[in-house]
Amino acid sequence: MQKLLSRLLLLSMLTSLGGCASLGVKPWQRDLLAKKEMALDAEGVDLGLDDHIYFSKEATSGGRAFAGGGCGCN
Amino acid sequence: MQLSNKGSIASALATATCSLLASQSVAAETPSDPNPWQFDTALLYYGETDRVTAIEGVINASKDFGDEHIFNGKLVIDALTGASATGAVAQPYAQTFTRPSGQGQYTIGANEVPLDDTFHDTRLQVSGQWTQPISENYRVSGGLQMSNEYDYQSIVLNGSIARDFNQKNSTLSLGMSYAFDTIKPEGGLPVAFSSMAVYDDDEYESEDEYDDDYNATRNDDSDTKNTLDLMLGYTQVINRRTIMQFNYGISKVDGYTTDPFKVLSVVDSEGYTQANLYENRPDSRTKQSFFWQTKYAADVGVADISYRFSTDDWEIDSHTVDTRFRFYLSENSYLQPHFRYYRQSAADFYRPFLLQDQAIPEYASADYRLGEMTAYTIGLKYGMTLENGDELGFRLEYYQQDPKNAGFNAPGVLQQMDLYPSVKAIIAQVNYRF
Numbered sequence: 001m002q003k004l005l006s007r008l009l010l011l012s013m014l015t016s017l018g019g020c021a022s023l024g025v026k027p028w029q030r031d032l033l034a035k036k037e038m039a040l041d042a043e044g045v046d047l048g049l050d051d052h053i054y055f056s057k058e059a060t061s062g063g064r065a066f067a068g069g070g071c072g073c074n
Numbered sequence: 075m076q077l078s079n080k081g082s083i084a085s086a087l088a089t090a091t092c093s094l095l096a097s098q099s100v101a102a103e104t105p106s107d108p109n110p111w112q113f114d115t116a117l118l119y120y121g122e123t124d125r126v127t128a129i130e131g132v133i134n135a136s137k138d139f140g141d142e143h144i145f146n147g148k149l150v151i152d153a154l155t156g157a158s159a160t161g162a163v164a165q166p167y168a169q170t171f172t173r174p175s176g177q178g179q180y181t182i183g184a185n186e187v188p189l190d191d192t193f194h195d196t197r198l199q200v201s202g203q204w205t206q207p208i209s210e211n212y213r214v215s216g217g218l219q220m221s222n223e224y225d226y227q228s229i230v231l232n233g234s235i236a237r238d239f240n241q242k243n244s245t246l247s248l249g250m251s252y253a254f255d256t257i258k259p260e261g262g263l264p265v266a267f268s269s270m271a272v273y274d275d276d277e278y279e280s281e282d283e284y285d286d287d288y289n290a291t292r293n294d295d296s297d298t299k300n301t302l303d304l305m306l307g308y309t310q311v312i313n314r315r316t317i318m319q320f321n322y323g324i325s326k327v328d329g330y331t332t333d334p335f336k337v338l339s340v341v342d343s344e345g346y347t348q349a350n351l352y353e354n355r356p357d358s359r360t361k362q363s364f365f366w367q368t369k370y371a372a373d374v375g376v377a378d379i380s381y382r383f384s385t386d387d388w389e390i391d392s393h394t395v396d397t398r399f400r401f402y403l404s405e406n407s408y409l410q411p412h413f414r415y416y417r418q419s420a421a422d423f424y425r426p427f428l429l430q431d432q433a434i435p436e437y438a439s440a441d442y443r444l445g446e447m448t449a450y451t452i453g454l455k456y457g458m459t460l461e462n463g464d465e466l467g468f469r470l471e472y473y474q475q476d477p478k479n480a481g482f483n484a485p486g487v488l489q490q491m492d493l494y495p496s497v498k499a500i501i502a503q504v505n506y507r508f
């Protein structure tokens, strides 16, 4: 069941990627995307601190960034 | 040029002098750096009720040396103190445990969850990352991170390559990271499933006799753990307001994954503890994660939603939903609520306790962090841009973990004990960016 779920998820991601070629904006339409708070890693310091907390308190790590190593807290 | 009169000469001289002075004054000004150093700093407090307290400071410095040749350096210092769950079960009477060093004991009251209050450490982490384009559409990045604790050292190397296409609306990236970790706990590494020796005047005739028993539970001084991470990423601009990211990551851990401070209680059919055994985990673990994130620029603010599914060969599956919404209060301030939900299933070798009449499994751990659990975080951040352009932010959050029974029947007195206590924590943080 879990394997099926993960495969379905991967399939849905790949399907959505297939439709991406027609997506996007022209360079002069990037006004909103260029805002600092629209960067995927905006608030990087907060995200790093959160990753450290959850790495040490939960069994899963990574996803947004690399998962492993660097701390004896887990 | 022929000068016609004195007035013209004076006027020409004045103009020349002014332009000379003007050019001197321009030359005297320091040319302003279009990309100065940018510092992001933060101080975080993390405090659990009756358990761990941590203070963590971060300084992150980055600079664009031109043409997107970017250096990023980071320094993190954290200090931990407090108590941590040992994995032993509560009992209807007081229990005495030996500290990991073998020196000293601590006693836990009747019906209380055993916590080891020896937990304290200071950690220093330094890292550097260099990113630059290598052609119009290709970008590479490489970095090194080192961290040092009293009983743990780590060196992590990483490298990645990214390619933009479709007018930079799409980016495909591939990254790799390799971590070399060394653990050297106080008192050495315990022998798997050896029974904790507890000094007792009635049981031991001399301290030497106890020392022999304690030393029999000790193995090597140190061990290592290596982690290889591979990550494939895809970022797509959807429209003028929306950007999306997908990551697939695989992480392979080899080496010592056991927690040397954790034990399992062996209980009889009435639920009474007969011994506490040091835990043992497999020496490898392979994790996979699927991560999706979307950011949407609304007129009133920015929405940030992400979902992660992770699965591994310890049979731990987890789901994480993380959402933030930044409401603009004015042109230079915002309020940002944060909500995170997390759920995990138990590792196949997780056991809240062991039964005396059953054989000891090959691997077992009573660490609640490997058990079934849900957790949520709810928080609020307020941020503002100061008159000089610096940014100041305050964040306050509440985090709660609710461990669950993954289908284990508690015998006898254990039915009256809280085997799956919740953990509650406050997170408070101040950010300053200049």
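If you read the sequences in order, they're chains A and B.
When we follow our numbering, the leftmost residue of the first sequence carries the number 1, and every step to the right adds one.
When we follow our numbering, the leftmost residue of the second sequence carries the number 75, and every step to the right adds one.
Even glycine gets a Cβ: it sits at the ideal position worked out from N, Cα and C.
- Burial check for residue 410/B: the Cβ neighbour count within 10 Å reaches 16 or more, so the residue is buried.
- The C-beta of residue 46/A comes closer than 8 Å to at least one C-beta of chain B.
- For residue 331/B, the CB contacts under 8 Å within the same chain, skipping 5 residues up- and downstream, are 299, 355, 356, 357, 358, 359 in chain order.
- Under the Cβ criterion (8 Å, minimum of three pairs), the stretch 379 to 392 of chain B counts as touching the stretch 416 to 432 of chain B.
- For residue 428/B, the three-state secondary structure derived from DSSP is strand.
- Taken in chain order, the whole alpha helix (DSSP H) runs of length 4 or more contained in the stretch 429 to 491 of chain B number zero.
- Under the rule that a run must span 3 or more residues, the beta strand (DSSP E) segments found entirely inside the stretch 139 to 206 of chain B read 144 to 159, 169 to 172, 179 to 182.
- For the 8 Å CB-CB criterion, residue 180/B and residue 195/B do not form a contact.
- The beta carbon of residue 155/B sits closer than 6 Å to the beta carbons of 127, 194 from its chain, once the five residues preceding and following it are set aside; these are given in chain order.
- Looking at the backbone, the Cα of residue 450/B and that of residue 132/B are separated by about 24 Å.
- Our two residues, residue 312/B and residue 24/A, have alpha carbons roughly 5 Å apart in a direct line.
- For the options 138/B, 152/B, 112/B, 142/B, the alpha carbon positioned closest to that of residue 118/B is the one of 152/B.
- For residue 413/B, the CB contacts under 6 Å within the same chain, skipping 5 residues up- and downstream, are 397, 452 in chain order.
- A distance below 6 Å between beta-carbons, with the five flanking residues on each side excluded, links residue 213/B to the following residues of its chain, in chain order: 207, 236.
- At a beta-carbon threshold of 7 Å, none of the residues of chain B lie near residue 55/A; the nearest stands roughly 10 Å away.
- Rounded to the nearest angstrom, the gap between the Cα atoms of residue 383/B and residue 324/B is 12 Å.
- At least 8 Å separates the CB of residue 157/B from every CB of chain A.
- The stretch 455 to 472 of chain B and the stretch 370 to 377 of chain B do not touch, with fewer than three beta-carbon pairs separated by less than 8 Å.
- If you draw a 10 Å sphere on the C-beta of residue 231/B, you find fewer than 16 other C-beta atoms in it, and that means exposed.
- In the three-state scheme derived from DSSP, where H, G and I count as helix and E and B as strand, residue 501/B is classed as strand.
- In this structure, the alpha-carbon of residue 198/B lies about 44 Å from that of residue 279/B.
- Using beta-carbon distances, residue 323/B counts as an interface residue toward chain A, with a partner under 8 Å.
- Counting the other CB atoms within 10 Å of its CB gives residue 394/B a total of 16 or more, which places it among the buried residues.
- In this structure, the beta-carbon distance from residue 427/B to residue 339/B falls below 8 Å.
- For residue 361/B, the nearest beta carbon of chain A is closer than 8 Å to its own beta carbon.
- DSSP, read as helix, strand or coil, puts residue 251/B in strand.
- Counting the other CB atoms within 10 Å of its CB gives residue 504/B a total below 16, which places it among the exposed residues.
- Shown here for residue 220/B: same chain residues with a beta carbon closer than 6 Å to its own, the five before and five after excluded, namely 200, 229 in chain order.
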